[in-house]
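Protein chains in written order, with our numbering: chain R, 110 to 204; chain X, 4 to 498. Virtual Cβ for every residue (Gly too), placed ideally from N, Cα, C. Below is one structure, written out as structure tokens; comments come after it.
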């Protein structure tokens with residue numbers, strides 16, 4: 110499996126990371142190095158093996174579905190690059 | 004009392020309780036040492052005001068006779084931990100300016116125990132790296148050098164600042180985190196001790212996430228006893244982390260008897276790698292002999308899927324990272340790119356993430372995105388998770404045969420020079436974690452203990468791997484190894 114420049118561009122967009130055209134060949138090469146390394150996994154017989162879900166067998170705790178926290182709008186917004194009138198502000202999404 | 008910063012945590016605790024020294028004095032000594040160690044670039048956000056305030060409060064507590072072991076002890080905190088009102092950037096530009104409104108569970112517990120925070124420590128960006136060279140703050144530097152050669156060496160990574168600071172006596176101990184070896188490899192490179200506990204021992208709440216099924220916090224300290232003292236304070240159940248174990252935390256320090264008679268130590272044959280430097284092999288053989296002389300039974304064991312641990316890790320960790328790092332979108336915290344006329348929200352995401360993330364982080368996020376994408380999920384991600392099941396089973400099988408702990412080298416080499424790996428492909432750097440990464444995949448506790456010096460005079464570490472939840476027993480075996488190895492070398496001060 111080899112990654113071409115077009116695939117590298119598609120993955121970059123899926124990951125929402127802007128990659129300039131002239132950087133794509135180097136990125137594709139790095140992907141191929143890493144994926145070439147990962148290919149070794151194909152040597153392993155995994156027939157009938159369950160994929161790991163939780164490394165320590167534990168039953169996740171349950172609690173009542175209720176509000177346990179909140180009422181701190183100012184703290185939630187305090188680190189936002191752009192917050193206005195109690196909201197996160199972003200560029201226009203809908204025309 | 005001179006050279007207060009050279010004290011171990013246990014020594015400082017005893018001196019504080021006897022009134023021979025105050026936390027304020029200890030803290031000032033550390034702050035002075037930090038001011039003089041800019042060349043190491045270990046502390047990247049200093050918090051002297053907080054430190055002085057906490058030290059004064061600790062002294063009051065000690066006087067009142069209410070003094071847990073860590074009361075008044077000055078520590079460094081890895082930049083990955085969210086600390087309230089103090090920059091917590093995970094060494095990334097994308098979190099530039101971020102000051103959390105909350106405190107991580109681990110640091111809360113340390114502060115409740117009376118510990119003093121000197122500042123935040125350098126690391127690889129989002130803990131992705133093995134040399135501290137991916138940090139937005141620049142490289143942290145190892146206080147150790149190859150004899151008289153003044154070439155700068157890596158302190159390892161990702162917890163490179165923590166390792167450098169402890170080895171250089173800038174603080175008495177430090178927090179680290181370990182996803183594939185990020186506590187144990189830097190500890191080995193700097194001649195200190197570091198333990199990654201069982202997955203679920205330390206709460207992950209408030210620690211910037213890299214790969215959630217692998218990440219664990221742990222202490223980095225000057226010896227095994229200090230590691231036990233710090234780990235005790237860092238562990239415990241936390242309802243805010245659903246994977247945190249609801250188990251009692253034993254008194255780890257009290258378990259350090261040094262008696263390992265009758266214990267069974269396994270030596271895994273698959274950890275003898277092709278091209279492994281002879282001095283690593285020799286150190287491993289010496290460690291085996293030391294544990295045998297201490298009364299342990301040594302058995303050769305097999306962990307057949309070892310070879311596949313790194314490739315499995317480099318599917319699972321990037322996959323989880325691509326999901327965890329999706330939150331850095333320029334909306335809620337940290338950096339947002341300046342936009343051009345007509346840019347919409349997609350351009351905002353893409354430009355923000357391109358500017359904010361470094362190359363290694365981008366690479367891993369994109370590899371993770373690829374292995375999770377439609378058509379490749381089964382071939383890569385699910386296959387890696389199945390291999391992970393087999394790796395864990397390898398360990399379960401040897402533990403079922405009565406093995407109490409497993410002895411391996413901690414790293415495939417001594418510390419290398421900063422910049423020496425720049426030209427290599429990313430995979431060459433990944434090989435640093437070849438002996439440590441299995442432990443994260445299997446969720447087990449692992450500890451790195453300094454055990455000798457390389458021909459060039461650099462520290463080398465051995466790793467012990469324990470049964471799940473048996474950190475106390477593991478620390479005790481490590482204590483026996485430490486006593487036998489008698490490693491006391493320190494870097495000579497050049498900074």
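Asked: Is the beta carbon of residue 224(X) less than 8 Å from the beta carbon of residue 255(X)?; Found: no
Asked: Identify which residue in 141(X), 238(X), 135(X) has its Cα closest to the Cα of residue 159(X).; Found: 135(X)
Asked: What in chain R is Cβ-close to residue 314(X), meaning under 7 Å?; Found: 146, 147, 149, 150
Asked: In the DSSP assignment, find the beta strand (DSSP E) that holds residue 124(X) and state where it starts and stops.; Found: 119 to 124
Asked: Could you compute how far the alpha carbon of residue 336(X) sits from the alpha carbon of residue 88(X)?; Found: 14 Å
Asked: Is the CB-CB distance between residue 449(X) and residue 20(X) below 8 Å?; Found: no
Asked: For chain X, is any of its Cβ atoms less than 8 Å away from the one on residue 196(R)?; Found: no
Asked: Let's test the definition: count the other Cβ atoms within 10 Å of the Cβ of residue 151(R) and tell me whether it reaches 16, buried, or not, exposed.; Found: exposed
Asked: Count the other C-beta atoms from every protein chain shown that fall within 10 angstroms of the C-beta of residue 467(X), then say buried if there are 16 or more, exposed otherwise.; Found: buried
Asked: By the criterion of Cβ-Cβ separation under 7 Å, what are the contact partners of residue 333(X) in chain R?; Found: 190
Asked: Run down chain R in chain order and give the residues with a C-beta less than 9 Å from the C-beta of residue 391(X).; Found: 160, 161, 164
Asked: With a CB to CB cut of under 6 Å and the five nearest residues on each side skipped, what residues in its chain are close to residue 72(X)?; Found: 16, 232
Asked: Can you list, in chain order, the residues of its chain whose CB lies under 7 Å from that of residue 226(X), leaving out five sequence neighbours each side?; Found: 11, 196, 485
Asked: Can you name, in chain order, every residue of its own chain whose Cβ lies under 8 Å from the Cβ of residue 138(R), other than the five neighbours on each side?; Found: none
Asked: Around the Cβ of residue 264(X), are there at least 16 other Cβ atoms within 10 angstroms (buried) or fewer (exposed)?; Found: exposed
Asked: Can the beta-carbon of residue 164(R) be found closer than 8 Å to that of residue 325(X)?; Found: no
Asked: Compare the beta carbon distance of residue 126(R) and residue 357(X) with 8 Å and say whether it is the shorter of the two.; Found: yes
Asked: Check each residue of the segment 194 to 218 of chain X: if its Cβ is closer than 9 Å to any Cβ of chain R, include it; give the result in chain order.; Found: 201, 202, 203, 216, 217
Asked: If we count the other Cβ atoms within 10 Å of its Cβ and call it buried at 16 or more, is residue 497(X) buried or exposed?; Found: exposed
Asked: Please classify residue 190(R) as buried or exposed, where buried requires at least 16 other C-beta atoms within 10 Å of its C-beta.; Found: buried
Asked: Mind checking residue 106(X): buried by the 16 CB within 10 Å criterion, or exposed?; Found: buried
Asked: Please list the terminal residues of the continuous alpha helix (DSSP H) segment that includes residue 227(X).; Found: 227 to 237
Asked: Going along chain R in order, which residues have a C-beta closer than 8 Å to the C-beta of residue 273(X)?; Found: Simply none; closest approach about 14 Å.
Asked: Give me the Cα-Cα distance between residue 109(X) and residue 206(X), rounded to the nearest whole angstrom.; Found: 7 Å
Asked: Roughly how many angstroms lie between the CA atoms of residue 212(X) and residue 170(R), to the nearest whole one?; Found: 21 Å
Asked: Check this for me: beta carbons of residue 272(X) and residue 303(X), under 8 Å apart or not?; Found: yes
Asked: Report all residues from its chain with a CB closer than 6 Å to the CB of residue 536(X); omit the five preceding and five following residues, and keep chain order.; Found: In the structure as shown, chain X starts at 4 and stops at 498, and residue 536(X) therefore has no counterpart that could be examined.
Asked: Closer than 7 Å, Cβ to any Cβ of chain R: which residues of the segment 363 to 390 of chain X, in chain order?; Found: 365, 366, 368, 369, 370, 372, 373, 376, 383, 385, 386, 387, 388, 389, 390
Asked: How many angstroms separate the CA atom of residue 432(X) from the CA atom of residue 417(X)?; Found: 14 Å
Asked: Using a C-beta to C-beta distance shorter than 9 Å, which residues of chain R count as neighbours of residue 102(X)?; Found: 187, 188
Asked: Does the segment 449 to 462 of chain X come close enough to the segment 404 to 420 of chain X that 3 or more CB-CB pairs lie under 8 Å?; Found: yes
Asked: For the beta strand (DSSP E) containing residue 302(X), list its first residue and its last residue.; Found: 300 to 304
Asked: In three-state DSSP terms, what is residue 466(X)?; Found: strand
Asked: When we look at the beta-carbon of residue 63(X) and count the other beta-carbons within 10 Å, is it buried (16 or more) or exposed?; Found: exposed
Asked: Helix or strand or just coil, what does DSSP make of residue 496(X)?; Found: coil
Asked: Under 8 Å Cβ-Cβ, which residues of chain X neighbour residue 142(R)?; Found: 428, 429, 430
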